[in-house]
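Q: Each residue of the sequence shown is one higher than the one before, starting from 2 at the first, in this note's numbering. Glycine included, every Cβ here is placed at the ideal spot set by N, Cα and C. What you are looking at is a predicted structure, and each value in this text was computed from that prediction instead of being measured. Take this structure first; my questions come after.
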Amino acid sequence: MNNELTLQVIEAYSIPFRKAIQGNVEQLEDAIKEEKEKGIKEFLFAHHVFERQNVSPYFKWQAIELLNENDDWRNEKTQEKMWCKFHDQANEKSYEELKKQYEENKEKNNKGKQYCPCCESKVCIKNVNAKNNPLFTSKNANKKSIWQVDFAEHIQNLNSEDGIVKLYKELIAIHGIGPKIASYILRDLVMYSDCKYGKGSTIKNKELTESEKVVYYYLQPIDTWLRLIADELFLYRKFPDLKEELKGLKRELMKNLENADAKYKNLMKNVRDNIDVKNLSGLKIGNSPDGVKIEKFRIKSICDECIEVGVNPLKFNQGAWYIGARVMRCKPQFEQILAIKDDFKRAKKLVESGIKPDRLDAYNKRDLIKDADLKEQFREEIKSIEPMLLKCDKE
Numbered sequence: 002m003n004n005e006l007t008l009q010v011i012e013a014y015s016i017p018f019r020k021a022i023q024g025n026v027e028q029l030e031d032a033i034k035e036e037k038e039k040g041i042k043e044f045l046f047a048h049h050v051f052e053r054q055n056v057s058p059y060f061k062w063q064a065i066e067l068l069n070e071n072d073d074w075r076n077e078k079t080q081e082k083m084w085c086k087f088h089d090q091a092n093e094k095s096y097e098e099l100k101k102q103y104e105e106n107k108e109k110n111n112k113g114k115q116y117c118p119c120c121e122s123k124v125c126i127k128n129v130n131a132k133n134n135p136l137f138t139s140k141n142a143n144k145k146s147i148w149q150v151d152f153a154e155h156i157q158n159l160n161s162e163d164g165i166v167k168l169y170k171e172l173i174a175i176h177g178i179g180p181k182i183a184s185y186i187l188r189d190l191v192m193y194s195d196c197k198y199g200k201g202s203t204i205k206n207k208e209l210t211e212s213e214k215v216v217y218y219y220l221q222p223i224d225t226w227l228r229l230i231a232d233e234l235f236l237y238r239k240f241p242d243l244k245e246e247l248k249g250l251k252r253e254l255m256k257n258l259e260n261a262d263a264k265y266k267n268l269m270k271n272v273r274d275n276i277d278v279k280n281l282s283g284l285k286i287g288n289s290p291d292g293v294k295i296e297k298f299r300i301k302s303i304c305d306e307c308i309e310v311g312v313n314p315l316k317f318n319q320g321a322w323y324i325g326a327r328v329m330r331c332k333p334q335f336e337q338i339l340a341i342k343d344d345f346k347r348a349k350k351l352v353e354s355g356i357k358p359d360r361l362d363a364y365n366k367r368d369l370i371k372d373a374d375l376k377e378q379f380r381e382e383i384k385s386i387e388p389m390l391l392k393c394d395k396e
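Structural data, given as structure tokens:
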């Protein structure tokens, strides 16, 4: 089934994605261009490294503060001292101090989520969880600390598959950074650098070698929204009965947990046995709810389909997150749109969701594209894809 317009429209949502973090992107681009390791780490602290569940938003600000306080942060002894200070402050800061510092940083940098650390549990604040904290530095540790990775050096090698895979392996060897966060970091480092896979790259399927296509698999982090898109556009169309069977199992789950669980395992085993994920043997996958092979199928399907129609998989990934997390904010509604069989109607509905208000906006607090210049830029991009997608747009 054709998905070309849908993929192109989702890619277009990378425009408001970039605008949403414009200042931070410019900071990263400057740091990459000038090979400023400190600037790159500051960006990663603020946006990637501490984005796991149940991690206090205070941690990112404290990490940035330590980085700025210590000019000799490359020194191993300094790293150990910084870890001790981080640990002690995370345990000793009062909730009022935490709240004040977080609010000041949020206002100053326009970063972070819209809640403060005083709302989190005491366990979350006090338990810095050394084994899963990227700042943790110890000679006896099994994994690395983020201080030990020289991103500026790695960025020089992002034009090659080996360079990207090497950095990916280094990232997943850091405390608290799994495959998903590693792909997030890689996606943005590649996207905002001058390498051939970045923002300025033109995807021409016939000119890409197999090894070049494989690179994009490492740059495709899968979250709730990407999983939803991949399932609706690819998985359920390869297995037409799967969606209804899963719905039936959810209903059965309320009656007989053990029986439903056994049926679910058999169903997903059948799916795994009938999908092909060659070329992804080196790609590590975290705790996917449906198993590693199905998650790899999602990654491969997204990248292969995007490349086939000339869509940049990195921009697609950013746009998919933006339309899901900022525009839709409602999985059932998003799922309903993606399930539309006609590609044109589906794509048109996705465009309208971002620029036309409806009765759900107040309830879902949807982040429509309201900035006039940005909306015009988005419209121009859509017009270059297919002018008829803007038909009846009276905004």
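(1) Who are the Cβ neighbours of E233 in its own chain at under 7 Å, not counting the five residues just before and after it?
(2) Could you say which of H49, L8, L391 lies nearest to S184 if we only look at CA atoms?
(3) Buried or exposed for L258, going by 16 or more other Cβ atoms inside 10 Å?
(4) Pairing CB atoms from the segment 234-242 with CB atoms from the segment 308-321, are three or more of them under 8 Å?
(5) Which class does K145 belong to by DSSP, given the choice of helix, strand or coil?
(6) Using the beta-carbon count (16 or more within 10 Å), is S282 buried or exposed?
(7) Whose CA, out of R330, A321, F345, lies closest to the CA of Y14?
(8) Determine the DSSP secondary structure at I303, reduced to helix, strand or coil.
(9) Three-state secondary structure (DSSP) at I186?
(10) Touch check for the segment 3-23 and the segment 246-264: three-plus C-beta pairs under 8 Å?
(11) How is I173 classed by DSSP in three states: helix, strand or coil?
(12) Is DSSP giving Q221 helix, strand or coil here?
(13) Hey, out of W226, G287, A153, I308, whose CA is closest to M329's CA?
(14) Indicate whether L136 and W84 have their beta-carbon atoms separated by less than 8 Å.
(15) So, are the CB atoms of L187 and Y219 less than 8 Å apart?
(16) Confirm, please, whether the CB-CB distance from L68 to E43 is below 8 Å.
(17) Give the secondary structure of E253 by DSSP, where H, G and I count as helix, E and B as strand, and everything else as coil.
(18) Pick helix, strand or coil for K392, following the three-state DSSP scheme.
(19) Nearest by alpha-carbon distance to G397: which of K144, Y198, I182 is it?
(20) Work out the CA separation of L190 and S354 for me, nearest whole Å.
(21) Using the Cβ count rule (16 or more neighbours within 10 Å means buried), how would you classify A263?
(22) With H, G and I counted as helix, E and B as strand and the rest as coil, what does DSSP make of A21?
(23) Give me the Cα-Cα distance between Y265 and E245, rounded to the nearest whole angstrom.
(24) Measure the C-alpha to C-alpha separation of R299 and E36 and round it to an integer number of angstroms.
(25) How many whole angstroms separate the CB atoms of E383 and V10, which I take to be in contact at a CB cut-off of 8 Å?
(26) For S302, collect the residues of the same chain with a Cβ closer than 7 Å to its Cβ; drop the 5 residues on either side in sequence, then sort them by chain order.
(27) Quick check on S146: buried or exposed, where buried means 16 or more other Cβ atoms within 10 Å of its Cβ?
(28) Could you pull the start and end residues of the alpha helix (DSSP H) that G199 belongs to?
(29) Looking at C-alpha atoms only, which residue of E77, Y59, D224 is the closest neighbour of E296?
(30) Need the endpoints of the alpha helix (DSSP H) that E5 sits in, please.
(31) Determine, using beta carbons only, whether D344 and E5 come nearer to each other than 8 Å.
(32) My guess is that Y193 and E30 are in contact by the Cβ rule of under 8 Å, so how many angstroms apart are they, rounded?
(33) Cα-Cα, which of T210, L8, G40 is closest to A153?
(34) Starting from D344, follow the alpha helix (DSSP H) in both directions and report where the run begins and ends.
(35) Mind checking whether Y217 and I308 have CB atoms under 8 Å apart?
(36) May I have the straight-line CA-CA distance separating R380 from L391, to the nearest angstrom?
A: Taking the structure as given:
(1) Mapped onto the sequence shown, residue 233 falls at position 232. Once the five neighbours on either side are set aside, the close Cβ partners of E233 are E336, L339, A340.
(2) On the sequence shown, residue 184 is found 183 positions in, with the first residue counted as 1. Measuring from the Cα of S184, the nearest candidate turns out to be H49.
(3) Within the sequence shown, residue 258 is the residue found at index 257, counting from 1. It counts as exposed.
(4) Verdict: no, contact absent.
(5) Position 144 of the sequence shown, counted from the start, is the residue given in the question as residue 145. Strand, per DSSP.
(6) Stepping through the sequence shown from its first residue, residue 282 is reached at position 281. In the assembly as shown, S282 is an exposed residue. Its beta-carbon has fewer than 16 other beta-carbons within 10 Å.
(7) Translated into the one-based positions of the sequence shown, residue 14 becomes position 13. If we check each option's Cα against that of Y14, A321 comes out closest.
(8) Walking along the sequence shown from the start, residue 303 turns up at place 302. Note: I303 maps to helix in three-state DSSP.
(9) The count along the sequence shown starts at 1 and reaches residue 186 at position 185. I186 carries a helical assignment under DSSP once its states are collapsed to helix, strand and coil.
(10) No, the segment 3-23 does not touch the segment 246-264.
(11) Here residue 173 refers to the residue found at position 172 of the sequence shown. Secondary structure of I173 (DSSP, three-state): helix.
(12) Reading the sequence shown from its first residue, position 220 is the one you call residue 221. In the structure shown, Q221 sits in coil (DSSP, three-state: anything other than H, G, I, E or B).
(13) Residue mapping note: residue 329 aligns to position 328 of the sequence shown, counting from 1. Of W226, G287, A153, I308, the smallest CA-CA separation from M329 is found for W226.
(14) To locate residue 136, count along the sequence shown from 1; it is residue 135. To locate residue 84, count along the sequence shown from 1; it is residue 83. By the CB criterion at 8 Å, L136 and W84 fall inside the cutoff.
(15) Translated into the one-based positions of the sequence shown, residue 187 becomes position 186. Translated into the one-based positions of the sequence shown, residue 219 becomes position 218. If you check the CB distance, L187 and Y219 come in under 8 Å.
(16) Along the sequence shown, read from residue 1 onward, the residue named residue 43 stands at position 42. Along the sequence shown, read from residue 1 onward, the residue named residue 68 stands at position 67. Judged by beta-carbon spacing, L68 lies within the 8 Å limit of E43, meaning their Cβ atoms are closer than that value.
(17) Locating residue 253 in the sequence shown gives position 252, counting from the first residue. In the three-state reduction of the DSSP assignment, E253 falls in the helix class.
(18) Taking the first residue of the sequence shown as 1, we reach residue 392 at position 391. K392: coil per DSSP, three-state reduction.
(19) Outside the shown range of the chain, which is 2 to 396, sits residue 397, and nothing can be said about it.
(20) Position 353 of the sequence shown, counted from the start, is the residue given in the question as residue 354. Position 189 of the sequence shown, counted from the start, is the residue given in the question as residue 190. Rounded to whole angstroms, S354 to L190 spans 29 Å at the Cα level.
(21) On the sequence shown, position 262 is the one that residue 263 refers to. By the neighbour-count rule (16 or more Cβ atoms within 10 Å), A263 is not buried but exposed.
(22) Here the question's residue 21 lines up with position 20 in the sequence shown. The three-state secondary structure of A21, taken from DSSP, is helix.
(23) In the sequence shown, the residue the question calls residue 265 occupies position 264. In the sequence shown, the residue the question calls residue 245 occupies position 244. Roughly 12 Å between the two C-alpha positions.
(24) Residue numbering aside, residue 299 sits at position 298 when the sequence shown is read from its first letter. Residue numbering aside, residue 36 sits at position 35 when the sequence shown is read from its first letter. If I take the Cα positions, the gap works out to 34 Å.
(25) For the purposes of this step, residue 383 is identified with residue 382 of the sequence shown, where counting begins at 1. For the purposes of this step, residue 10 is identified with residue 9 of the sequence shown, where counting begins at 1. Residue 383 is actually Ile in this sequence, not Glu. With a contact defined as Cβ atoms closer than 8 Å, I383 and V10 qualify at about 7 Å.
(26) Position 301 of the sequence shown, counting from 1, holds the residue named residue 302. By the criterion of a C-beta distance shorter than 7 Å, S302 is surrounded in its chain by A231, F235, once the five residues flanking it on both sides are discounted.
(27) Taking the sequence shown and counting its residues from 1, one reaches residue 146 at position 145. Around the beta-carbon of S146, 16 or more other beta-carbon atoms lie within 10 Å, marking it buried.
(28) Translated into positions along the sequence shown, residue 199 becomes position 198. G199 -> no alpha helix (DSSP H), and no H or E assigned at all.
(29) Residue 296 sits at position 295 when you count from the first residue of the sequence shown. The shortest Cα separation from E296 among E77, Y59, D224 belongs to D224.
(30) Locating residue 5 in the sequence shown gives position 4, where the first residue counts as 1. Boundaries of the alpha helix (DSSP H) harbouring E5: 5-13, taken from the DSSP string.
(31) Position 343 of the sequence shown, counted from the start, is the residue given in the question as residue 344. Position 4 of the sequence shown, counted from the start, is the residue given in the question as residue 5. In contact: D344 and E5 (Cβ atoms closer than 8 Å).
(32) For this step, residue 193 is matched to residue 192 along the sequence shown. For this step, residue 30 is matched to residue 29 along the sequence shown. That pair is a contact at about 5 Å.
(33) Translated into the one-based positions of the sequence shown, residue 153 becomes position 152. For A153, the closest C-alpha among the options T210, L8, G40 is that of G40.
(34) To locate residue 344, count along the sequence shown from 1; it is residue 343. Element bounds for D344: 344-356.
(35) Residue numbering aside, residue 217 sits at position 216 when the sequence shown is read from its first letter. Residue numbering aside, residue 308 sits at position 307 when the sequence shown is read from its first letter. Yes, the pair counts as a contact, with Cβ atoms nearer than the cut-off.
(36) Numbered from 1 along the sequence shown, position 379 holds the residue referred to as residue 380. Numbered from 1 along the sequence shown, position 390 holds the residue referred to as residue 391. Those two C-alpha atoms are separated by around 8 Å.
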